[in-house]
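Here is the structure we will look at, set down as structure tokens.
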Amino acid sequence: MKLTLANNKDVWAGLMLIAIGAGAIFVARNYPFGTALRMGPGFFPVVLGGLLIVFGLAVLAIGLRKGESMTGSWSLRALIILPLSLILFGLLMEYAGFVPAMLVLIVGSATASTEFRFLEVLLFAAGLTALSVAVFVWALGLPYPLIVGLD
Amino acid sequence: MDLFNNLIFGFSVALSWQNLLYCLIGVTVGTLIGVLPGIGPLGTIAILMPITYGVSPVGALIMLAGIYYGAQYGGSTTAILVNLPGETSAVVTCIDGYQMARQGRAGPALAIAALGSFFAGTVGTLLIALFGPPLAEIALKFGSPEYFSLMLMALVAAAVLAQGDMLKSLAMVVIGLLLGIVGSDVNTGIQRFSFGITELSDGIGFIVVAVGVFAIGEIIANLGDKDERRVVMDKVTNLFPSKEDLKRCIGPILRGTGIGSFFGVLPGTGPAIASFASYMVEKKLAADPSRFGRGAIEGVAGPEAANNADAQCKFIPMLTLGLPASGVMALMLGALTIQGIQPGPEVMTLRPDLFWGLIASMWIGNLMLVVLNLPMIGLWVKLLRVPYRLLFPAIMAFSAIGIYSVNNSSFEIYLTALFGIFGFVCMKLGFPPAPMLLGYVLGPMMEENLRRSMLMSGGDASVFFTRPISVAFIIATVLILIVMVAPAVRERRREIAD
């Protein structure tokens, strides 16, 4: 792959560090900095933020001088589906119960694979959910309703 | 012969059938949760703590301790087989253990991990009995400056050790330190980086960061790279290490045990640091360091011995000083307090049955673990046959349950999703995730010790350079940096010359 600014790994890495460092300093600007004798809660974050900016500039400089292009795909499918299934799990745990949350999480995240087979995953999800109910809810006694409103 | 009598006494306590049963339950549950990614000993011990209310203090502690070190055996199993560290301590085992598994040598890797751990456990038991009290006195002499310098050394060493770019590793340590700040400041109570979110006022959970970055981020990366980093599915034959393997491992196991025992008594350093240190020592001592990272059995043997020795010796500051050296030890202290025992230096004299019984049980537990693990390696190997398209949704499920069970909080699930994305981006940009976790764990203690040191010295930073132990750690830090930077400088010079 040809090296451009857009796929230069170290340029992006450097920018990320600078952004995090600057963000940390920005958020910590209102925390009392204190003195060397009595360091305030702002001291550590600001120093660390500054360090990150320095590291970021160094990485950025390396990237601009030679740099490496990024390899592999961004696996957009997994990058979207997996966090999304986790979020659904969190929501369903609160509003629908353990069983629907597990089923949705397992089937949902399985669709992130290109080898997804619906029937197989459905059976697998049912089995794993049953096992989890037995181990975590019945044996370990985690206090989760299996299905909300069905007790 | 005090030592002999004490140990005999300890075994007489640990060998009662109830305590044997608690020990067996502990190590079995520990192995199970160690193998299952996403549920660590921390969560499990917290969940199981209510069960121990009705048990005798010795029995409760024996069982909880069994979960703790049992999880380390189990954790190295997943580290080797699926490249997923159950805990920070297993991160190092992933490096060479997983490579060995990819080369079809998962069997020897698992066996040497179990044998190394058992040896370290045996020596650790003896060491605690022999040096426990005097060693605790040394650690007692450490003040805040020593702790700060020690942590600085540990973090720099860990960053420098991580594969790849040193600058990026150090940056990850700093990001980890920043993450550790989140929550209310212990000195002033001011909320830092919590953005008004109640769930963040206690900080970000260790499990959230670990599972997010290591489990979720890794799965995303796996699904993107079609043929790389998949679970090994080759038939694993030859489960036991060859004579050659064993010969290679004697030195690393002995040194790992020593390193682990040393770091174990120092509060504030987790088992990860011991195994990182051991790995680094082995890499430095190796005739051919390039083998490391490509499936060197020494890279499994040393760190595994180190983290087990460390796990055992972590009990010393907890039992003798009442000082929790890690999250798990904090839970153990909680269990003691619930039982009506005041943790502190008096425990050893007031409740010798507790101190010596626990120590003896740890040796018995280690023996049980070898018996449990080695014949059952075949069972773990069977896990390899599960196709990845089914394995990763299962990992997702167990991770989600594990995280949710800590605080029954959906918010932490969302946070985990976020860390998954962040972990993936980091991997894409060439940042190794392990140093971040270490910085994150040590961050709060480091800041606390820095602030205390400065208060102690009247705002004079030279305190770190005038106290002999502290300055020794600082010098070691600088030496590590020089040793590691030097080859890079040489390489760059050569590049310019070309």
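Sequence order for the protein chains is A and B.
Under the working numbering, the first sequence has 84 at position 79, and the numbering climbs by one with no breaks.
Under the working numbering, the second sequence has 561 at position 38, and the numbering climbs by one with no breaks.
For every residue, glycine included, the Cβ atom is placed at its ideal position computed from N, Cα and C.
Given the structure is predicted, the values throughout are model-derived calculations rather than measurements.
Neighbour-count burial assignment, residue i, 16 or more Cβ in a 10 Å radius
i          : result
Gly113(A)  : buried
Glu767(B)  : exposed
Asp983(B)  : exposed
Ile918(B)  : buried
Val1001(B) : exposed
Pro916(B)  : buried
Thr780(B)  : buried
Arg874(B)  : buried
Gly132(A)  : exposed
Val894(B)  : exposed
Thr600(B)  : buried
Leu544(B)  : exposed
Ala33(A)   : buried
Lys770(B)  : exposed
Leu728(B)  : Looking at the sequence itself, residue 728(B) is Gly, so the reference to Leu does not match. Buried is the call here.
Val804(B)  : buried
Ile704(B)  : buried
Ala11(A)   : exposed
Tyr100(A)  : exposed
Asn896(B)  : buried
Thr860(B)  : exposed
Ile111(A)  : buried
Gly561(B)  : Any answer about Gly561(B) is weak, because its pLDDT of 45 lies below 50 and its placement is not dependable; what the coordinates show is given next. Gly561(B) should be labelled buried.
Ala144(A)  : exposed
Tyr606(B)  : One detail in the question is off: residue 606(B) reads as Asn in this sequence, not Tyr. Answer is buried; the Cβ neighbour count reaches 16.
Thr76(A)   : exposed
Ala632(B)  : buried
Lys837(B)  : buried
Phe527(B)  : exposed
Leu587(B)  : buried
Residue i - DSSP class collapsed to helix/strand/coil
i          : result
Val16(A)   : helix
Leu136(A)  : helix
Ser90(A)   : helix
Ser74(A)   : strand
Thr601(B)  : helix
Gly553(B)  : helix
Glu971(B)  : helix
Pro826(B)  : helix
Ser643(B)  : Position check: residue 643(B) holds Ala in this sequence, whereas Ser was assumed. Helix, per DSSP.
Arg778(B)  : helix
Lys1033(B) : For residue 1033(B) there is no data in the structure shown, the boundaries of chain B being 524 and 1021.
Glu120(A)  : coil
Pro580(B)  : helix
Gln626(B)  : coil
Phe129(A)  : helix
Ala159(A)  : The question about residue 159(A) has no answer here: the residues shown for chain A are numbered 6 through 156.
Leu10(A)   : coil
Asn606(B)  : coil
Ile585(B)  : helix
Ser114(A)  : helix
Residues that DSSP places opposite residue i in a beta bridge
i         : result
Gln714(B) : Ser707(B)
Met44(A)  : Gly39(A)
Contact belief for residue i with residue j at Cβ below 8 Å, rounded distance in angstroms
i          : j         : result
Met950(B)  : Ala694(B) : The Cβ separation is near 14 Å, so there is no contact.
Ile801(B)  : Ile782(B) : Looking at the sequence itself, residue 801(B) is Ser, so the reference to Ile does not match. Correct: roughly 5 Å between the Cβ atoms.
Gly816(B)  : Gln622(B) : 7 Å
Tyr591(B)  : Ala828(B) : With 8 Å as the limit, Tyr591(B) and Ala828(B) do not qualify as a contact, their Cβ atoms being about 17 Å apart.
Leu700(B)  : Gly966(B) : 4 Å
Gly26(A)   : Gly55(A)  : 7 Å
Gly644(B)  : Trp886(B) : 6 Å
Tyr596(B)  : Asn972(B) : Not quite, the Cβ-Cβ distance comes to about 32 Å (not below 8 Å), so this is no contact.
Gly822(B)  : Gln626(B) : About 13 Å separates the two Cβ atoms, so there is no contact after all.
Ile962(B)  : Ile698(B) : Looking at the sequence itself, residue 962(B) is Gly, so the reference to Ile does not match. Right, their Cβ atoms sit about 7 Å apart.
Gly1040(B) : Ile882(B) : The question about residue 1040(B) has no answer here: the residues shown for chain B are numbered 524 through 1021.
Val142(A)  : Leu151(A) : 7 Å
Thr616(B)  : Ala636(B) : 7 Å
Beta-carbon neighbours of residue i, restricted to chain D and to distances below 7 Å
i        : result
Trp17(A) : Although the question refers to chain D, the structure presented lacks it and instead comprises the protein chains A and B.
Mind checking the stretch 57-88 of chain A against chain B and listing, in chain order, the residues whose C-beta falls within less than 8 Å of any C-beta there? Leu57, Phe60, Gly61, Ala63, Val64, Ile67, Glu73, Met75, Gly77, Ser78, Trp79, Ser80, Arg82, Ala83, Leu84, Leu87, Pro88
Determine which residues of the stretch 925-955 of chain B have a Cβ less than 8 Å from any Cβ of chain A, and write them out in chain order. Tyr927, Ser928, Asn931, Ser933, Phe934, Ile936, Tyr937, Thr939, Ala940, Leu941, Gly943, Ile944, Phe947, Val948, Lys951, Leu952, Gly953, Phe954
Quick one: which residues of the stretch 21-37 of chain A get their C-beta closer than 9 Å to a C-beta of chain B? List them in chain order. Taking 9 Å as the upper bound on Cβ-Cβ separation, chain B lies near residues Met21, Leu22, Ile25, Gly26, Ala29, Val32, Ala33, Tyr36, Pro37 of the stretch 21-37 of chain A.
Listed in chain order, which residues of the stretch 795-821 of chain B have Cβ atoms closer than 7 Å to some Cβ of chain A? none
For the stretch 959-988 of chain B, list every residue whose C-beta sits within 9 Å of some C-beta in chain A, in sequence order. Going along the stretch 959-988 of chain B in chain order, one finds Gly966, Met969, Glu970, Leu973, Arg974, Met977, Leu978, Ser980, Gly981, Gly982, Asp983, Ala984 with a Cβ nearer than 9 Å to chain A.
Which residues of the stretch 689-703 of chain B have a Cβ closer than 7 Å to any Cβ of chain A? Give them in chain order. Leu690, Lys691, Leu693, Ala694, Val697, Ile698, Leu700, Leu701
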